[in-house]
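Sequence order for the protein chains is A and B. If you count the first sequence from 1, position 157 lands on 415 in this note's numbering, and the numbers rise without skipping. If you count the second sequence from 1, position 165 lands on 223 in this note's numbering, and the numbers rise without skipping. Every residue gets a Cβ at the ideal spot worked out from N, C-alpha and C, and that includes glycine. Read through the structure below, which is laid out as structure tokens, and then see the notes.
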Amino acid sequence: MIRNPLFRALVERELGNRFLGGALSPVWWLAQPLLTLGVYALVFGLFMRSPVPARYGDSFVVYLAVGLWPWLAFAESVTRSSTSLIAQSALITRTALPRAWVPLSVVLVTFTLHWLALSVIVLLFKALGYPVHLSGVLFSLPMWAALLAAAIGLGWMAACAQVLVRDLEGMLGPLFMLLSFVCGIQYGLDSVPPAWRDVVLANPFTHVIARLHDTYLAGTGLSWPDLWLLGGGLLLAALGYAFFRRVAPHVDDYL
Amino acid sequence: MSDALLAVRGVGKVFPRIGRRGAGVAALARLLVAKPASEGFVALDGIDFSVQRGESLALVGENGAGKSTLLKIIAGVLQPTSGRADRLGSVGALLELGAGFHPEYTGRENLKLAAALQGLSGHAFAARLDDIIAFADIGAHIDAPIKTYSSGMIVRLGFALVTALKPDLLITDEVLAVGDESFQNKCIAWMERYLADGGTLLLVSHSLYHVKKLTRRAVWLDHGRQRMIGASHDVAVAYQAFHEAKQASAKAAAVASASPALGHYAVTDLHIEHSDEAGLRARGRLHSRDGRRPHVAVGIVRIDGTPVYGTTSEIDGAAVAELGDGAFEFVLAFSDWRLLPGGYRLRAHALDPEGMRVYDTVERDFTVGGDSRELGMVRLPHRWM
């Protein structure tokens with residue numbers, strides 16, 4: 259599929275759409291997460307003085323960045339996917355385009371841009387002497403893949419559901435914000451009150467973010483939990499595809 | 059399917075009724091348990107026909123008859139609610155104006171994705187790009203965003219792409235309704251060559267002239283149902299007769315109710331009693347609201363609108379016959395008119411009693427047969443010296 263000229267053309271079109279229009283469009287993919295990082299660093303690092311777990315060094319900005327970027331890739335992918343079928347309705351209601359490719363191209367482009375952005379940031383941190391491990395760029399890939407697979411599955415579901423239930427997109431923003439606050443991106447799990455620790459640990463994304471911290475900041479390699487988390491992501495992708503196959507052939511009726 | 063390139067078997071399509079806020083969770087749940095909408099607007103019901111390789115078939119019908127919906131199902135864009143459409147071979151579809159084109163991208167950029175959608179990419183696309191651009195003939199606009207294009211330029215680009223594909227089955231929806239006369243002629247010439255080379259055509263057109271010229275068989279859709287299938291000429295004649303009867307009925311109702319929409323003077327009926335290579339005889343009726351005797355203008359144009367000849371009862375010093383109750387009748391015969399073979403249109407206009415102002419127009423299409431290879435519209439008397 260990746261080699262399919264139509265899919266490549268669709269990915270190129272999605273990439274082009276990101277850089278179309280505004281003067282700042284070409285740098286927005288990097289600037290937007292940087293701004294978010296700045297705001298979070300200000301609120302959680304400076305004002306609230308969130309502690310960084312000792313094994314991850316002492317830089318809150320670095321701790322925040324390696325968890326935030328993959329999360330933004332995931333949340334942004336699903337949110338953008340949710341409106342992708344509606345946005346491309348002129349294309350999918352008039353041409354025999356494989357519909358699953360529309361949200362898929364959105365997710366792939368979003369993840370690629372965010373992965374590239376974090377890789378550049380990590381190199382920058384290293385050059386500036388911050389405590390990051392370049393091996394993390396490689397060993398974090400299973401967690402990126404888990405998030406990618408989950409985003410593809412949820413993206414397929416959200417894209418179809420949004421056509422029929424137009425309120426969905428509005429609900430995704432608060433939902434992802436809530437999820438981001440209970441998976442240890444802006445604070446270490448050590449600082450979660452014991453009464454709430456089980457709740458936070460019940461969130462599978464908490465473990466994905468923790469493994470990202472491990473690989474980028476503690477320099478750990480691959481581990482067995484990575485397989486479980488990757489399997490979970492793939493399961494979500496499979497469920498999303500089954501959902502999409504049921505609903506997508508009929509979305510024209512509601513577009 | 060033997061050599062059938064397309065087999066449409068009992069195809070039905072129901073569009074669910076939805077509000078502005080979407081269909082809701084219940085509709086989503088219904089789809090998840092594999093129950094498509096069964097209640098709503100029935101766009102198609104029990105459509106059944108096949109198209110053999112090398113055949114040309116037209117879909118005719120009024121707006122809302124289900125032609126475009128059926129084409130979308132055949133092209134694989136839309137899922138039927140019941141039945142199935144089986145296709146063999148490659149399909150090139152021109153379904154709607156600018157389908158697959160993004161307004162922000164240039165014509166050249168749009169061609170890449172549109173070509174990939176039709177299965178043309180890589181070196182094959184690069185090799186044919188110059189031919190596509192040459193056929194579209196839109197000059198420097200090819201590198202301007204599509205949003206700056208006229209509708210004619212968009213259809214030029216879409217059709218030019220299809221010419222590069224030469225698909226097994228070509229599906230076109232009202233392509234010939236857009237674009238200037240020279241481009242229409244270029245498209246028709248290309249389609250005739252495509253058919254002569256063994257191509258298969260599925261055409262939707264409101265122009266019965268194009269239907270008769272380009273296709274051998276036709277299906278008449280009426281409110282989503284298959285009303286008639288047969289030779290293009292027979293279907294076109296029946297469809298035209300249906301339209302004439304419908305228009306006459308509407309006019310008669312308007313006359314009976316003295317509808318203001320009818321105007322002071324109206325053509326309430328126009329009937330071609332006879333037409334062939336030698337001439338034509340037409341009979342028509344006029345209605346005058348104030349009872350004064352109107353004049354009538356009668357003209358003949360080529361099917362593309364090029365005027366051939368026109369006259370009025372006022373110019374000729376003739377008078378329409380009074381039938382009473384504001385009704386008038388005229389009969390006009392053309393003889394030895396030397397028209398060359400092709401599609402033509404007879405137009406009758408109701409004029410005021412002074413012969414100055416046009417109030418109403420009614421048209422009827424007709425074909426002049428023959429196998430003359432002469433050029434133009436009329437045979438001018440001539441001799442070689």
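Residue i CB to nearest chain B CB: under 8 Å?
i                      : result
residue 271 of chain A : yes
residue 508 of chain A : yes
residue 519 of chain A : Residue 519 of chain A lies beyond the residue range present for chain A, which begins at 259 and ends at 513; the question has no answer from this structure.
residue 497 of chain A : no
residue 484 of chain A : no
residue 517 of chain A : Only positions 259 to 513 of chain A appear in the structure, and residue 517 of chain A is not among them; the question remains open.
residue 512 of chain A : yes
residue 263 of chain A : yes
residue 596 of chain A : Chain A is shown only over 259 to 513; residue 596 of chain A falls outside these bounds and no answer can be derived.
residue 422 of chain A : yes
residue 505 of chain A : yes
residue 267 of chain A : yes
residue 494 of chain A : no
residue 416 of chain A : no
Grab the span of the beta strand (DSSP E) containing residue i for me, first residue to last.
i                      : result
residue 422 of chain A : Careful: residue 422 of chain A lies outside any beta strand (DSSP E), inside the alpha helix (DSSP H) at 399 to 422.
residue 278 of chain B : 275 to 280
residue 323 of chain B : 323 to 333
residue 365 of chain B : 365 to 370
residue 368 of chain A : Residue 368 of chain A -> not in any beta strand (DSSP E); alpha helix (DSSP H) instead, spanning 359 to 385.
residue 116 of chain B : 114 to 118
residue 242 of chain B : Looking at the DSSP string, residue 242 of chain B is not in any beta strand (DSSP E); the run it does join, the alpha helix (DSSP H), is 239 to 254.
residue 91 of chain B  : Premise fails: residue 91 of chain B is in no beta strand (DSSP E) and is neither H nor E.
residue 353 of chain B : 353 to 360
residue 108 of chain B : 99 to 110
residue 379 of chain B : 379 to 382
Kindly identify the DSSP beta-bridge partner or partners of residue i.
i                      : result
residue 143 of chain B : B:66
residue 334 of chain A : Per DSSP, none; premise fails for residue 334 of chain A.
residue 434 of chain A : BP columns for residue 434 of chain A are empty, so no partner.
residue 203 of chain B : B:164
residue 317 of chain A : Answer is none; residue 317 of chain A lacks a bridge partner.
residue 442 of chain A : Answer is none; residue 442 of chain A lacks a bridge partner.
residue 391 of chain B : B:339
residue 405 of chain B : B:357, B:421
residue 229 of chain B : B:151, B:260
residue 447 of chain B : What the structure shows of chain B is the stretch from 59 to 443, and residue 447 of chain B is not part of that stretch, so it cannot be assessed.
residue 397 of chain B : B:436
Residue i and residue j look like a contact to me (Cβ under 8 Å); what is the Cβ gap, rounded to whole Å?
i                      : j                      : result
residue 413 of chain A : residue 364 of chain A : 7 Å
residue 116 of chain B : residue 222 of chain B : Residue 116 of chain B to residue 222 of chain B, Cβ: 24 Å. No contact.
residue 487 of chain A : residue 457 of chain A : Incorrect: roughly 19 Å between the Cβ atoms, too far for contact.
residue 470 of chain A : residue 328 of chain A : 6 Å
residue 264 of chain B : residue 302 of chain B : Rounded, the Cβ-Cβ distance is 15 Å, inconsistent with contact.
residue 196 of chain B : residue 156 of chain B : Not really, about 13 Å apart at Cβ, beyond 8 Å.
residue 407 of chain A : residue 492 of chain A : 5 Å
residue 338 of chain A : residue 368 of chain A : 6 Å
Can you give me the start and stop residues for the alpha helix (DSSP H) that residue i sits inside?
i                      : result
residue 284 of chain B : No alpha helix (DSSP H) holds residue 284 of chain B; the beta strand (DSSP E) holding it covers 283 to 289.
residue 469 of chain A : 462 to 471
residue 181 of chain B : 180 to 194
residue 267 of chain A : 263 to 276
residue 349 of chain A : 347 to 350
residue 132 of chain B : 125 to 132
Counting only beta-carbon separations shorter than 8 Å, does residue i have a partner in chain A?
i                      : result
residue 59 of chain B  : With a pLDDT of only 45 at residue 59 of chain B, under 50, the local geometry of the prediction cannot be trusted, and the value read off the model is given with reservation. Residue 59 of chain B does not count as touching chain A.
residue 67 of chain B  : no
residue 73 of chain B  : yes
residue 227 of chain B : no
residue 426 of chain B : no
residue 153 of chain B : yes
residue 170 of chain B : yes
residue 63 of chain B  : no
residue 112 of chain B : no
residue 434 of chain B : no
residue 209 of chain B : no
(message) Closer than 8 Å is the cut-off here; do at least three beta carbon pairs connect the stretch 471 to 489 of chain A with the stretch 386 to 393 of chain A?
(response) By the Cβ rule, the stretch 471 to 489 of chain A counts as touching the stretch 386 to 393 of chain A, because three or more pairs are nearer than 8 Å.
(request) Give a yes or no on contact between the stretch 363 to 375 of chain B and the stretch 302 to 318 of chain B, applying the rule of three or more CB pairs nearer than 8 Å. (result) no
(message) For the pair the stretch 175 to 186 of chain B and the stretch 246 to 262 of chain B, tell me if three or more CB-CB distances fall below 8 Å.
(response) no
(request) Kindly confirm or deny that the stretch 189 to 201 of chain B and the stretch 292 to 302 of chain A touch, where touching means at least three C-beta pairs closer than 8 Å. (result) With a cut-off of 8 Å, the stretch 292 to 302 of chain A and the stretch 189 to 201 of chain B do not count as touching, because too few Cβ pairs lie within range.
(request) Would you check if the stretch 210 to 228 of chain B and the stretch 348 to 367 of chain B touch, i.e. whether three or more CB-CB distances between them fall below 8 Å? (result) no
(message) Counting beta carbon pairs with one atom in the stretch 116 to 134 of chain B and one in the stretch 159 to 173 of chain B, are three or more of them shorter than 8 Å?
(response) no
(request) Kindly confirm or deny that the stretch 130 to 139 of chain B and the stretch 281 to 301 of chain B touch, where touching means at least three C-beta pairs closer than 8 Å. (result) no
(message) I want to know whether the stretch 439 to 447 of chain A touches the stretch 62 to 74 of chain B - three or more CB-CB distances under 8 Å.
(response) no
(request) Count the CB pairs spanning the stretch 384 to 394 of chain B and the stretch 339 to 355 of chain B that are closer than 8 Å, and state whether there are at least three. (result) yes
(message) With three or more beta-carbon pairs closer than 8 Å as the criterion, would you say the stretch 239 to 256 of chain B touches the stretch 170 to 178 of chain B?
(response) Counting Cβ pairs under 8 Å, fewer than three are found: no touch.
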